[in-house]
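Numbering (the numbering used here), first residue to last: 444 to 833. This report refers to the structure that appears directly beneath it.
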Ligand code: PHE
């Protein structure tokens, strides 16, 4: 473990002073319902994919959440009380997130639940939180269905109708794609949704979908699908998937001589993408996401510096949204002046604060409208191309 350098303290103080956290309020007097004890530590549950095929998502989001809890603690906790984060690993496996959410509700009596990155796993936990009346905040699940589960389910990121549209615009206008092929993951709610939200505006703009082929998460060989795609002669390939499969798809596509631009959404975001595909194969590829550490903005700079000091790495979109999800909760608990889940839920519904991923103002559907960024791969690293305003 690296001992904190003097720079660490400086960055940390800058982050705290950046006004990201308000001063603690006085304790409340709510009754002893689960999650609503008025004394003792305020317990928050976080579920994340710390191992398995989407471990990069969970690890990164968790680090952002941890940094936020450091900031909250250094400001004296919440409502004059200590804050405790319980983190559970779903290992990227289906079924685990529901089990964890049940444990958070019935055993840990959490005030709120933070998670997940992948929409499919947020969709597993959301009905349990909703039924228990415990607020859940997804940092980065973009599928619209997540917050449709009910009035206790929130997110601090944009949604896929926006992301699909911006990808269609980018493909049409910047990449000049006219004949697209789509390769989506039928086992992922995120992938199926994003394929739809891309297809509609792309076709509306005058584009043609020359072929649409499927795969399933954990597949390793995509040669059959890619051969069919090559035969359809597209001038662009849209792959709305997660980095583990996307990395293999890009690599195998280039091996088959498919040289067209390949693009997708935030599911591409992980350093492992470059490890799996190799930077040569990733030339002429593009993805949209929520945040770039290269953005020139004081809140981003303070966050990046504090994150680097604590973890010795540069934060990505999941880290930034993990941080903002915890900050949104802290703001809501302070505003509610209570840990009563109903009061925290009401305060969350009125969320409007400036996070490291920009202004986070929730609408009546508990979704945020925020800018996106487009990234490409160049010289073996990710390169920020442009910001897309909603
Ligand atoms: N938006 C993706 C989903 O809903 C998850 C994701 C978020 C992946 C941010 C990478 C970065 O499943």
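Note that beta-carbon positions come from the ideal geometry of N, C-alpha and C, so glycine has one too. All of these numbers come straight from a predicted model, not from anything done at the bench.
Relative to the alpha-carbon of residue i, which residue among the options has its alpha-carbon at the smallest distance?
i: residue 664; options: 696, 652 and 636; result: 696
i: residue 628; options: 651, 682 and 586; result: 682
i: residue 545; options: 569, 820 and 525; result: 569
i: residue 687; options: 826, 714 and 723; result: 714
i: residue 646; options: 634, 625, 632 and 635; result: 625
i: residue 614; options: 761, 820, 482 and 727; result: 727
i: residue 654; options: 562, 666 and 674; result: 674
i: residue 710; options: 516, 526, 493 and 562; result: 562
i: residue 620; options: 668, 694, 725 and 648; result: 648
i: residue 656; options: 644, 680 and 528; result: 680
i: residue 672; options: 585, 571, 792 and 702; result: 702
i: residue 635; options: 817, 684 and 805; result: 684
i: residue 622; options: 502, 806, 642 and 631; result: 642
i: residue 578; options: 794, 797 and 784; result: 784
i: residue 589; options: 633, 553 and 606; result: 633
i: residue 774; options: 761, 567 and 796; result: 796
i: residue 574; options: 586, 536 and 593; result: 593
i: residue 536; options: 494, 554, 572 and 516; result: 494
i: residue 782; options: 747, 554 and 508; result: 554
i: residue 566; options: 508, 605, 631 and 516; result: 631
I'd like to know whether the C-beta atoms of residue i and residue j end up nearer to each other than 9 Å.
i: residue 705; j: residue 658; result: no
i: residue 768; j: residue 599; result: yes
i: residue 689; j: residue 700; result: no
i: residue 583; j: residue 496; result: no
i: residue 556; j: residue 547; result: yes
i: residue 531; j: residue 808; result: no
i: residue 580; j: residue 601; result: no
i: residue 490; j: residue 564; result: yes
i: residue 652; j: residue 743; result: no
i: residue 801; j: residue 506; result: no
i: residue 543; j: residue 487; result: no
i: residue 526; j: residue 484; result: yes
i: residue 540; j: residue 520; result: no
i: residue 694; j: residue 721; result: yes
Let me confirm a value: residue i is counted as buried when at least 16 other C-beta atoms fall within 10 Å, else exposed. Which label applies?
i: residue 739; result: exposed
i: residue 756; result: exposed
i: residue 829; result: exposed
i: residue 824; result: exposed
i: residue 741; result: exposed
i: residue 603; result: buried
i: residue 777; result: buried
i: residue 833; result: exposed
i: residue 423; result: Residue coverage of the chain in this structure runs from 444 to 833, which leaves residue 423 outside it and unanswerable.
i: residue 822; result: exposed
i: residue 786; result: buried
i: residue 813; result: buried
i: residue 788; result: buried
i: residue 820; result: buried
i: residue 511; result: buried
i: residue 758; result: buried
i: residue 667; result: exposed
i: residue 660; result: buried
Between residue i and residue j, how many whole angstroms is the CB-CB distance? I'm expecting something under 8 Å.
i: residue 815; j: residue 732; result: 7 Å
i: residue 609; j: residue 831; result: 5 Å
i: residue 730; j: residue 718; result: Between residue 718 and residue 730 the Cβ distance is about 16 Å, and since that is not below 8 Å, they are no contact.
i: residue 779; j: residue 794; result: Wrong, their Cβ atoms sit about 12 Å apart, outside the cutoff.
Tell me whether residue i, by its Cβ, gets closer than 8 Å to a heavy atom of the ligand GDP.
i: residue 764; result: Looking for the ligand GDP in the displayed structure turns up nothing; the ligands present are the ligand PHE.
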